[in-house]
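First up is the structure itself, then whatever we jot down about it.
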Amino acid sequence: MSKSFIAKIEEAILKSTKPDYMVSQEKIDKFLVKKSNSAEKEVKSFFKSIDFNGTQVFTFGDEKSENTIVFMHGGAYVNEINYQHFLYCQLLAKRLNAYVLAPVYPLAPLHSAEESFDMITELYKHLLDNNSRITLIGDSAGGGFVLSFAQYIKSINLAQPAHIITFSPWVDISMSNTPYDDKNDPILGEIGLREIGKSWAGNLDTKDYKVSPLFGDCTDQAPTLIFAGTNEIFYKDIVKYVEKLKSSNVNVKFITGDGLFHIYPLFPIPEAKGAFGEIKKVFKKL
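Quick note: to get the numbering used here, add 2 to the position in the sequence shown (first position is 1).
Listed below in structure tokens is the structure:
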């Protein structure tokens, strides 16, 4: 099935605004230096947020809802949560009768993965004490984090979530499965991703499962739903990861958007409606 006319328009807009630091070594070097010299600021929004042990967490929906969702935002581990994420979290809360929490986790290059693991682990423990029906959702970098986190909590004897849902997860920050075709990806580029991945890994190897879930042990992982567009740079890595889940007997469903771009379910296009329908099926089973 060919992509919709609206999706084609959205893709054209994205191509025209593709960050130059994704495709230029000089630009990504300057970008990371600039980020390193920037002071951290609290994310401002008209959406409600709470303080959890010094971490800002945006919340959507009723805390007493039957479903709890932790939403880890994308942004290549260097960009803050944005209004696309806020609106999607609001949609999740409203349509799924859910309490959604979107933590503002520490970002590269000022911070690295292990700091975020510590913070999210404490939040997850807190939620487990009050609710056993937790779903982890993440897009792009946030999706990769969620999948790594699922492996990590197993190592410290915490319960798996009820379900995991990811949109275009970044499963290999080492970008080792070369060559990558980033000409068809209107958002991401190999050069920028490779340098950002090193920064996010910090003292970890870029193939450590905490930053690249493709290389970890995913046995006994919670049921997992994954979306990806066939035109995105991560597609072949995601396919490889899905194959690993299947070989590990994980209950996984993989939905591909033919000819579609990175994190397409988060955009206002017809194909996103079908994706949300698949998500609703998950919550009907919980």
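C-beta: ideal position from N, C-alpha, C; glycine also.
Which listed residue (the options) has its alpha carbon closest to that of residue i
i: Met-121; options: Thr-57, Lys-275, Tyr-211; result: Thr-57
i: Ala-95; options: Val-72, Tyr-79, Phe-263; result: Val-72
i: Tyr-85; options: Ile-158, Asn-205, Ala-110, Lys-46; result: Lys-46
i: Leu-112; options: Leu-247, Val-35, Val-213; result: Val-35
i: Lys-32; options: Ser-214, Gly-76, Glu-197, Lys-287; result: Glu-197
i: Phe-88; options: His-264, Gly-140, Asp-131; result: Gly-140
i: Phe-54; options: Thr-137, Thr-19, Ala-115, Glu-124; result: Glu-124
i: Leu-195; options: Lys-17, Tyr-23, Ile-15, Ala-115; result: Tyr-23
i: Lys-127; options: Leu-247, Leu-16, Asn-159, Thr-208; result: Asn-159
i: Val-244; options: Asp-210, Asp-131, Ser-170; result: Ser-170
i: Gln-92; options: Lys-287, Glu-82, Ser-51; result: Ser-51
Backbone secondary structure at residue i - three-state DSSP
i: Ser-26; result: coil
i: Asp-31; result: helix
i: Ile-198; result: helix
i: Gln-92; result: helix
i: Ile-11; result: helix
i: Thr-61; result: strand
i: Ile-281; result: helix
i: Val-1; result: Lying outside 3 to 288, the shown extent of the chain, residue 1 is not represented and no answer is given.
i: Phe-217; result: helix
i: Thr-123; result: helix
i: Ser-6; result: coil
i: Phe-151; result: helix
i: Ile-193; result: helix
i: Ser-38; result: helix
i: His-264; result: coil
i: Leu-16; result: helix
i: Glu-117; result: helix
i: Leu-160; result: coil
i: Pro-108; result: coil
i: Ser-170; result: coil
i: Gly-146; result: helix
Residue i burial status per 10 Å Cβ neighbour count (16 or more: buried)
i: Gly-146; result: buried
i: Ala-41; result: exposed
i: Gln-27; result: exposed
i: Leu-262; result: buried
i: Lys-5; result: buried
i: Asn-99; result: exposed
i: Phe-48; result: exposed
i: Leu-190; result: buried
i: Pro-108; result: buried
i: His-75; result: buried
i: Gly-279; result: exposed
i: Lys-175; result: The sequence shown places Ile at residue 175, rather than the Lys named in the question. Per the 10 Å Cβ criterion, buried.
i: Thr-19; result: exposed
i: Ser-178; result: exposed
i: Asn-132; result: exposed
Distance CB(residue i)-CB(residue j) smaller than 8 Å
i: Gln-223; j: Val-241; result: no
i: Thr-168; j: Val-102; result: no
i: Pro-272; j: Ile-8; result: yes
i: Gly-218; j: Ser-150; result: yes
i: Ser-250; j: Thr-221; result: yes
i: Phe-229; j: Gly-259; result: yes
i: Tyr-266; j: Gly-231; result: yes
i: Ala-216; j: Asp-239; result: Correcting the residue type first, residue 216 is Leu in the shown sequence and not Ala. Contact flag set, yes.
i: Ala-78; j: Ser-142; result: yes
i: Ser-118; j: Val-173; result: no
i: Glu-116; j: Lys-212; result: yes
i: Glu-13; j: Pro-270; result: no
i: Ala-104; j: Val-59; result: yes
i: Ile-43; j: Val-80; result: The residue asked about is misnamed: residue 43 is Lys in this sequence, not Ile. Not closer than 8 Å, so no.
i: Thr-70; j: Ile-166; result: no
i: Val-25; j: Asp-184; result: yes
i: Leu-130; j: Ala-161; result: yes
For residue i, the residue or residues it bridges with in DSSP
i: Ala-230; result: Thr-258
i: Val-304; result: Residue 304 lies beyond the residue range present for the chain, which begins at 3 and ends at 288; the question has no answer from this structure.
i: Met-74; result: Gly-140
i: Tyr-101; result: Thr-70
i: His-87; result: According to DSSP, His-87 bridges with nothing at all.
i: His-165; result: Thr-137
i: Ser-51; result: Phe-60
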